[in-house]
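**Student:** Protein chains in written order, with full-length UniProt numbering: chain C, 1 to 540; chain B, 1 to 278; chain Y, 1 to 325.
I'd like to ask some things about the structure below.
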Amino acid sequence: MNDNTPVLSIRGLTLALPQGADRDYAVEDVSYDVARGEIMCVVGESGSGKSMAANAVMGLLPKGVRPTAGEVLFDGQDLLTLSEKQHRQLRGLRIGMIFQEPMTALNPLMRVGAQIAEVFEAHGKYSGSERQEKALALLEEVGIPQPERAIRAYPFQLSGGQRQRVMIAMALALEPELLIADEPTTALDVTTQAQILELIRDLQKRRGMAVMFITHDFGVVAEVATRVCVMRFGQIVELGMADEVLDNPRHDYTRALLEAIPSNRVPEARGGERPAPLLEVRNLNKVFRSRGGLFKPAREVRALDDVSFTLAPGETVGIVGESGSGKSTLGRCVVRLERPDSGTLALAGTDFSALRGDVLRRERHRVQMIFQDPYASLNPRHRVGYAIAQGPMANGVPKDKAMRQAEELLELVGLGAVAVDRFPHEFSGGQRQRIGIARALALNPELIVADEAVSALDVSIQAQVLELLEELKQKLSLSLLFITHDLRVAAQICDTIIVMQQGRIVEQGTAQEVFLNPREAYTRQLLDAIPGRAHEAAMA
Amino acid sequence: MSFFARFAQNRGALVGLVILLAIVLMAILAPLLYPESPWRMVQRPFLAPLEAEGFWLGTDTMGRDVAAGLMHGAWVSLLIGLISTSVALLIGVPLGAVAGYYGGLIDDALMRFTEFFQTIPNFALAIVLVAIMQPSVASIVLAIAIVSWPPVARLVRAEFMSLRHREYVEAARLVGQTNRTIILKQILPNTLSPIIVLASLMVATAILLESALSFLGLGDPNVMSWGYMIGAARTVIRQAWWLSFFPGVAILLTVLALNLVGEGLDDALNPKLARERS
Amino acid sequence: MLYARLFVMRLLKAVVVLFLIVIFNFILIQLAPGDPAAIMAGEAGATDEEFLRQLRERFGLDQPMYVQLWRYVSGIATLDFGWSYRQGMPVLDLILERLPATLLLTGTAFVLSLALGIVLGSMAAARVKKPSGSLIMALALIFYATPLFWVALMAVVLFSVFLGWLPAYGMYTVGAGHTGFALALDVAKHLILPATTLALFFMAIYTRMTRASMLEASQQDYVKTARAKGLAPRVIQRRHVLRNALLPIITLAGLQAGQMVGGAILTETVFAWPGIGRLMFEALQQRDYNLLLGIFFFSAALVIVFNIITDLVYRLADPRIKEAS
Numbered sequence: 001m002n003d004n005t006p007v008l009s010i011r012g013l014t015l016a017l018p019q020g021a022d023r024d025y026a027v028e029d030v031s032y033d034v035a036r037g038e039i040m041c042v043v044g045e046s047g048s049g050k051s052m053a054a055n056a057v058m059g060l061l062p063k064g065v066r067p068t069a070g071e072v073l074f075d076g077q078d079l080l081t082l083s084e085k086q087h088r089q090l091r092g093l094r095i096g097m098i099f100q101e102p103m104t105a106l107n108p109l110m111r112v113g114a115q116i117a118e119v120f121e122a123h124g125k126y127s128g129s130e131r132q133e134k135a136l137a138l139l140e141e142v143g144i145p146q147p148e149r150a151i152r153a154y155p156f157q158l159s160g161g162q163r164q165r166v167m168i169a170m171a172l173a174l175e176p177e178l179l180i181a182d183e184p185t186t187a188l189d190v191t192t193q194a195q196i197l198e199l200i201r202d203l204q205k206r207r208g209m210a211v212m213f214i215t216h217d218f219g220v221v222a223e224v225a226t227r228v229c230v231m232r233f234g235q236i237v238e239l240g241m242a243d244e245v246l247d248n249p250r251h252d253y254t255r256a257l258l259e260a261i262p263s264n265r266v267p268e269a270r271g272g273e274r275p276a277p278l279l280e281v282r283n284l285n286k287v288f289r290s291r292g293g294l295f296k297p298a299r300e301v302r303a304l305d306d307v308s309f310t311l312a313p314g315e316t317v318g319i320v321g322e323s324g325s326g327k328s329t330l331g332r333c334v335v336r337l338e339r340p341d342s343g344t345l346a347l348a349g350t351d352f353s354a355l356r357g358d359v360l361r362r363e364r365h366r367v368q369m370i371f372q373d374p375y376a377s378l379n380p381r382h383r384v385g386y387a388i389a390q391g392p393m394a395n396g397v398p399k400d401k402a403m404r405q406a407e408e409l410l411e412l413v414g415l416g417a418v419a420v421d422r423f424p425h426e427f428s429g430g431q432r433q434r435i436g437i438a439r440a441l442a443l444n445p446e447l448i449v450a451d452e453a454v455s456a457l458d459v460s461i462q463a464q465v466l467e468l469l470e471e472l473k474q475k476l477s478l479s480l481l482f483i484t485h486d487l488r489v490a491a492q493i494c495d496t497i498i499v500m501q502q503g504r505i506v507e508q509g510t511a512q513e514v515f516l517n518p519r520e521a522y523t524r525q526l527l528d529a530i531p532g533r534a535h536e537a538a539m540a
Numbered sequence: 001m002s003f004f005a006r007f008a009q010n011r012g013a014l015v016g017l018v019i020l021l022a023i024v025l026m027a028i029l030a031p032l033l034y035p036e037s038p039w040r041m042v043q044r045p046f047l048a049p050l051e052a053e054g055f056w057l058g059t060d061t062m063g064r065d066v067a068a069g070l071m072h073g074a075w076v077s078l079l080i081g082l083i084s085t086s087v088a089l090l091i092g093v094p095l096g097a098v099a100g101y102y103g104g105l106i107d108d109a110l111m112r113f114t115e116f117f118q119t120i121p122n123f124a125l126a127i128v129l130v131a132i133m134q135p136s137v138a139s140i141v142l143a144i145a146i147v148s149w150p151p152v153a154r155l156v157r158a159e160f161m162s163l164r165h166r167e168y169v170e171a172a173r174l175v176g177q178t179n180r181t182i183i184l185k186q187i188l189p190n191t192l193s194p195i196i197v198l199a200s201l202m203v204a205t206a207i208l209l210e211s212a213l214s215f216l217g218l219g220d221p222n223v224m225s226w227g228y229m230i231g232a233a234r235t236v237i238r239q240a241w242w243l244s245f246f247p248g249v250a251i252l253l254t255v256l257a258l259n260l261v262g263e264g265l266d267d268a269l270n271p272k273l274a275r276e277r278s
Numbered sequence: 001m002l003y004a005r006l007f008v009m010r011l012l013k014a015v016v017v018l019f020l021i022v023i024f025n026f027i028l029i030q031l032a033p034g035d036p037a038a039i040m041a042g043e044a045g046a047t048d049e050e051f052l053r054q055l056r057e058r059f060g061l062d063q064p065m066y067v068q069l070w071r072y073v074s075g076i077a078t079l080d081f082g083w084s085y086r087q088g089m090p091v092l093d094l095i096l097e098r099l100p101a102t103l104l105l106t107g108t109a110f111v112l113s114l115a116l117g118i119v120l121g122s123m124a125a126a127r128v129k130k131p132s133g134s135l136i137m138a139l140a141l142i143f144y145a146t147p148l149f150w151v152a153l154m155a156v157v158l159f160s161v162f163l164g165w166l167p168a169y170g171m172y173t174v175g176a177g178h179t180g181f182a183l184a185l186d187v188a189k190h191l192i193l194p195a196t197t198l199a200l201f202f203m204a205i206y207t208r209m210t211r212a213s214m215l216e217a218s219q220q221d222y223v224k225t226a227r228a229k230g231l232a233p234r235v236i237q238r239r240h241v242l243r244n245a246l247l248p249i250i251t252l253a254g255l256q257a258g259q260m261v262g263g264a265i266l267t268e269t270v271f272a273w274p275g276i277g278r279l280m281f282e283a284l285q286q287r288d289y290n291l292l293l294g295i296f297f298f299s300a301a302l303v304i305v306f307n308i309i310t311d312l313v314y315r316l317a318d319p320r321i322k323e324a325s
């Protein structure tokens with residue numbers, strides 16, 4: 001199938017960033033080919049410049065970024081020398097592209113059919129009614145349920161996965177020779193991701209096009225790639241056939257990235273008797289009602305449906321589920337950012353769910369939270385030391401003592417006491433997450449809830465933060481409620497795993513049981529959808 | 001980059017700042033250069049500009065010195081603009097903060113209240129208020145404040161609503177900070193820059209409103225203001241257009257300067273937005 | 001069906017707001033310094049003690065407050081806005097007589113300002129960092145800072161006094177006796193100056209808003225998608241950027257309705273345009289509070305009607321709202 005004539009050939013491409021950026025070049029001396037019938041995966045962490053070459057191919061470089069050397073050959077033509085008008089004639093016709101955010105990539109005011117028909121219109125193909133017919137056929141091909149209805153739908157009426165299918169339909173409308181997919185599954189749930197990957201692989205085979213697939217996820221690479229190009233700081237680190245790179249990475253960076261991916265290995269369960277539970281959740285219910293306006297019927301979402309579980313002192317319980325499973329609501333009820341409708345939350349005997357007002361405020365120090373977004377979890381106007389000391393100060397600790405404590409905590413999470421006087425914007429995402437952990441520890445809580453605490457981080461940083469949490473767990477015998485969408489992360493750090501779906505607990509058991517011998521179909525489905533799992537299983 | 005450097009990058013804002021300083025200077029110098037009341041008749045009426053020495057802008061229908069009126073008017077315009085904006089902020093900021101932070105029924109009630117004031121035509125309400133309270137600096141300030149607080153409340157509410165679920169605010173709740181502390185220390189400081197920008201634009205609008213009220217004869221009868229000067233000269237516009245012309249230019253320049261400074265502040269306080277806009 | 005329901009709900013809301021304004025008016029009368037009877041009669045009548053006593057009796061001012069409120073509210077509910085002693089006519093008749101002129105003026109100015117504002121704003125958005133774009137924005141900034149009544153006066157000086165092109169006062173040539181098309185032409189000629197000066201300020205607002213909104217919309221992901229399809233920039237601007245950018249402008253236009261009515265007071269005053277704005281100025285000069293409050297009520301009602309219209313337009317323009325309802 002690989003006929004070895006590259007559809008796209010990037011030669012020594014160098015793209016300069018505007019002055020004042022944190023480095024001079026977005027990409028530097030980058031060369032690779034994409035051939036007919038192959039999926040070329042460009043992998044890298046954020047800031048690696050992995051999407052830049054694709055933008056140059058499309059002629060959609062961000063303002064201020066300009067090519068200074070090299071060429072981008074497509075069908076023998078250097079795309080860098082094309083005028084905007086010539087470039088436009090290639091886009092959509094011979095090169096198609098899909099983007100990361102299906103929620104915002106479609107015009108909210110236009111029907112889906114009209115947006116697909118625009119591709120034909122842009123290149124003067126077919127008449128009006130033919131365009132609609134073609135659009136319908138495309139929607140069928142990309143597997144949208146009820147295509148006759150979908151063609152008349154507005155984007156907001158479709159789910160994220162369906163919108164991404166619409167994007168794919170548009171990109172493929174004129175049967176381009178090259179498809180560029182820029183993180184097309186990153187914003188999707190793991191089961192939807194699996195379906196979209198399947199679709200792209202399938203369409204690629206059927207049409208024999210060349211695909212340039214940009215991703216940060218080696219799991220996804222293992223799933224779809226023919227060849228792989230690993231990028232870091234704008235340069236190519238490693239380039240080769242997918243199997244070779246995945247199985248025998250030659251470069252340290254690739255190896256580090258691969259190792260950082262949470263693996264199938266599950267730590268041994270700790271034996272011994274279970275002590276009396278620290279947290280006992282009984283029959284917790286929570287319903288969200290969107291208040292109906294004058295013309296909106298009130299909508300109800302059952303976020304928690306009769307949820308019960310226990311957490312022993314020193315134990316880490318993982319709550320796993322896709323978006324909309326109620327896992328975050330559960331965490332927010334436990335820390336009492338939300339009030340459950342019914343049920344009890346007993347924390348070492350006190351019913352936390354019954355507390356209100358000032359009583360609740362004074363008890364809050366017992367349960368703390370590590371948040372998801374390292375950029376939103378620190379007040380940009382407060383120095384780091386103050387951010388950590390605020391908690392103890394609100395609970396009556398004198399300021400200088402609280403500040404000394406903050407210094408110690410910053411040492412503990414590996415940032416050093418000098419960090420106290422700095423502002424959050426001086427730190428990277430991973431460092432901020434460490435600050436968030438220090439803040440949660442400052443009140444010596446009995447229980448810590450970590451809500452997707454590593455999800456926003458690059459994979460190598462993710463590994464470091466998980467390591468820190470593991471270390472702190474040992475040192476301080478923390479009790480942890482660990483909420484995540486990623487079963488593999490949960491399996492690494494948790495003793496017990498609870499799988500949730502649509503507000504209900506589907507399965508719970510030790511990490512080993514759930515991960516290696518799932519009892520429920522949904523858990524298996526989740527596990528199967530993890531990209532790259534088959535590849536890893538084959539290696540083991 | 002420092003605050004002023006970012007501000008100065010906006011050329012228009014610098015020009016605005018210079019004009020504004022000149023007008024402030026005018027207001028300060030007015031009692032020194034023209035110590036006598038601007039209402040006093042000093043020459044024969046309808047003196048054209050530059051016609052008589054010492055009266056470079058001429059005299060009005062009653063023989064009052066136009067230049068003196070202009071200088072004293074600067075003081076009144078700035079004063080009323082600043083005070084009424086402060087009063088509007090004092091009404092709007094707490095209201096918007098409480099509505100946005102607590103949400104629910106409190107928010108509903110406060111927002112219906114705000115909407116009500118937004119539905120009533122601004123200028124008509126100001127006219128009615130001043131007419132019924134009788135024209136005075138106090139009633140004008142109050143009327144302008146009453147018609148200009150709703151946008152403040154809406155802005156502050158929107159900011160509070162987007163910030164109250166920010167993770168750092170939730171973290172503050174979790175460590176046991178009181179609502180008061182959270183509102184004052186966590187959220188309010190982060191809403192200051194849009195409030196400052198809005199306030200600078202509000203001063204401009206207040207000056208326009210004041211001049212319009214005075215133009216209709218609703219000015220404080222004891223203070224000389226630009227709007228009054230234009231209104232008083234309206235009927236003689238065919239004979240002496242300059243009597244209306246110069247005070248109008250003064251209003252235009254002041255309001256323009258304030259708007260320019262407001263845009264500069266916006267650029268300086270929200271550097272990210274500024275870059276996208278250019 | 002949906003629209004009918006929506007319409008009914010909006011009307012109910014409008015009734016509530018108007019009711020509140022009536023109460024507000026009542027409170028204002030109570031707050032005013034001096035005798036409410038004197039206020040109702042207009043200050044000149046205030047010296048005649050016997051007349052005031054009759055008035056108090058007639059308006060029930062000797063009754064307890066709640067009775068007075070009830071009488072006042074039910075009076076307005078039956079469209080009785082009281083009597084203008086200064087003009088010797090019922091307030092309602094005075095207002096209704098003047099209303100069409102105001103509707104003509106504000107309607108024309110509204111359409112003019114919106115159309116020009118959107119065109120200029122789109123042009124400025126497409127010419128960011130070019131001299132022509134900067135020129136449009138500079139003009140918008142200047143018009144935004146110019147007092148309406150002053151522009152009106154200067155327009156009179158320039159176009160009527162010096163150039164003599166256009167009539168400066170009134171709505172038609174008095175005594176010319178035009179009818180039919182000649183009358184329409186005459187009114188149109190008289191309309192040009194007031195409508196244009198009123199429109200300038202609002203045009204400046206819409207220009208600035210359109211530009212900002214279009215620049216914002218052009219940063220959105222769907223515009224990148226449209227470019228990836230190979231669409232021509234012109235089509236992208238019109239179909240994707242402008243359409244999305246218009247939504248906030250519709251909202252803004254609704255909010256500006258009140259300002260437009262306020263502007264009409266000033267414009268009508270300068271041009272002696274026989275609308276309710278001019279009437280308000282006359283009421284002010286004569287301290288005719290009954291008339292003043294009546295006009296205030298009507299101008300609020302006008303704004304509400306206008307808000308309902310923009311609400312319906314918004315719902316037509318944004319499919320998300322239609323579906324959610």
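No residue lacks a Cβ here, since even glycine has one placed at the ideal position from N, Cα and C.
On a predicted model such as this, the values are computed, not experimentally measured, just so you know.
#1: Figure out for me which residue from V241/Y, A204/Y and L69/Y has the closest Cα to the Cα of M260/Y.
#2: Within the continuous beta strand (DSSP E) that includes V223/Y, where are the two ends?
#3: Counting only beta-carbon atoms, is S211/B nearer than 8 Å to chain Y?
#4: Closer than 8 Å is the cut-off here; do at least three beta carbon pairs connect the segment 273-284 of chain C with the segment 332-352 of chain C?
#5: Since G503/C contacts G326/C with CB under 8 Å, what's their CB separation in whole angstroms?
#6: Can you tell me where the alpha helix (DSSP H) holding Y85/Y begins and where it ends?
#7: Would DSSP call G45/Y helix, strand or coil?
#8: Since V244/Y meets chain C, which of its residues come closer than 8 Å, beta carbon to beta carbon?
#9: Cβ closer than 7 Å: which chain B residues qualify as neighbours of L443/C?
#10: Do the segment 165-179 of chain C and the segment 129-149 of chain C meet, that is, are 3 or more Cβ pairs less than 8 Å apart?
#11: Taking the Cβ atom as the reference point for each residue, do G63/B and P45/B lie within a distance shorter than 8 Å?
#12: Taking the DSSP output, what are the residues bridged to A350/C?
#13: Among L311/C, G396/C, Q525/C and G321/C, which one has its Cα closest to the Cα of D486/C?
#14: If we ignore side chains and look at the alpha-carbon of each, how far apart do V72/C and E130/C end up?
#15: Assuming the contact rule is C-beta atoms closer than 8 Å, residue 280/B and W149/B should be a hit. Round their C-beta distance to whole Å, please.
#16: Could you tell me the distance, in whole angstroms, from the CA atom of Y126/C to the CA atom of Q115/C?
#17: Are there any heavy atoms of the ligand ZN lying less than 7 Å away from the beta-carbon of I10/C, as far as the coordinates show?
#18: Between E520/C and the rest of its own chain, which residues show a CB-CB distance below 8 Å, the 5 nearest in sequence each way excluded?
#19: At the 8 Å Cβ level, is R154/B part of the contact set with chain Y, yes or no?
**Tutor:** Once the coordinates are examined:
#1: A204/Y
#2: Unbroken run through V223/Y is the alpha helix (DSSP H), D221 to A228; no beta strand (DSSP E).
#3: yes
#4: Cβ pair count under 8 Å is three or more, so yes.
#5: Contact between G503/C and G326/C holds, since their C-beta atoms are separated by about 4 Å, short of 8 Å.
#6: Per DSSP, Y85/Y belongs to no alpha helix (DSSP H) and is neither H nor E.
#7: The predicted model places G45/Y with a pLDDT of 49, which falls under 50 and marks its position as unreliable; any figure quoted below should be read in that light. The answer is helix: DSSP assigns G45/Y an H, G or I state.
#8: It is worth fixing the name first, because residue 244/Y is Asn in this sequence and not Val. The contacting residues are N107, P108 and L109.
#9: V175
#10: yes
#11: yes
#12: As written in the sequence, residue 350/C is Thr, which differs from the Ala given in the question. T350/C pairs with L347/C.
#13: G321/C
#14: 35 Å
#15: Nothing can be reported for residue 280/B, as the shown portion of chain B is limited to 1 through 278.
#16: Rounded to the nearest angstrom, the two C-alpha atoms are 15 Å apart.
#17: This structure does not include the ligand ZN; it has no bound ligands of any sort.
#18: V499, V506 and E507
#19: no
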